[in-house]
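Notes to accompany the following structure.
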Amino acid sequence: MANLRDIKKRISSVTTTKQITRTMEMVSTAKIRRALDRSKQAEPYKEALTDVMLTVAGDASCSGTDPMLQKHESVKHGLIVVIASDRGLAGGFNTTVERTAEKLAASWANDGIECEIIACGRKPATYFRDRENVVMHFEGNSSEPDFNQARMISSHICDAYRAGELD
577 MANLRDIKKR
587 ISSVTTTKQI
597 TRTMEMVSTA
607 KIRRALDRSK
617 QAEPYKEALT
627 DVMLTVAGDA
637 SCSGTDPMLQ
647 KHESVKHGLI
657 VVIASDRGLA
667 GGFNTTVERT
677 AEKLAASWAN
687 DGIECEIIAC
697 GRKPATYFRD
707 RENVVMHFEG
717 NSSEPDFNQA
727 RMISSHICDA
737 YRAGELD
């Protein structure tokens, strides 16, 4: 049976843990709010880029010749870009993203489609290291993505699609 000193120590420990948890929750709320603000600020750029892409795709002079605008008749090779965090303080977010990607890869495998994965973030890179065919992985900057890494990913995807390695 616990004595009074052990009970007081336990109460103090639980109170401290509660304060730490509350502080972590406030910090994560602030980070989410900042990320949502950045996303909202990028909305006009996304809309302008979408308009440009639709205009280019609708242009008759390039619609029949550019391999990026041609649909492949059969799908044999696919690619999933998995983006999650570097740290595990995001609740079930990382796990949900990883499991969803794994289910999609399994579904493709059932349909006879080979799957490659690009993992962005330490958690998905670690998760998929031994499970799937990871062709690229990036770790350490999920909160502040690097433009050069985005360029590397897009170049890999575009080059593989043009070469017929991805459908």
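In case it helps, the working numbering puts the sequence shown at residues 577 to 743. For glycine and all other residues, C-beta sits at the position ideal for the given N, C-alpha and C.
Between Asn686 and Arg707, the alpha-carbon positions lie close to 16 Å from each other. Within the model, the alpha-carbon separation for Lys652 versus Arg727 is close to 25 Å. Contact check for Gly688 against Ser661 fails: the beta carbons are separated by 9 Å or more.
Comparing C-alpha distances from Glu674 to each of Pro700, Ser650 and Glu649 shows the shortest one belongs to Pro700. DSSP, reduced to helix, strand and coil, places Leu630 within a helical segment of the structure shown. By the beta-carbon neighbour count (other beta carbons within 10 angstroms, threshold 16), Asn670 is buried. Residue environment analysis places Val658 among the buried positions, since at least 16 neighbouring C-beta atoms fall within 10 angstroms of its C-beta. The residue among Ile596, Leu655 and Tyr703 with its C-alpha nearest the C-alpha of Trp684 is Leu655. The continuous beta strand (DSSP E) containing Glu692 extends over residues Glu690 to Cys696.
Counted as a single uninterrupted DSSP element, the beta strand (DSSP E) harbouring Val711 occupies residues Asn709 to Phe714.
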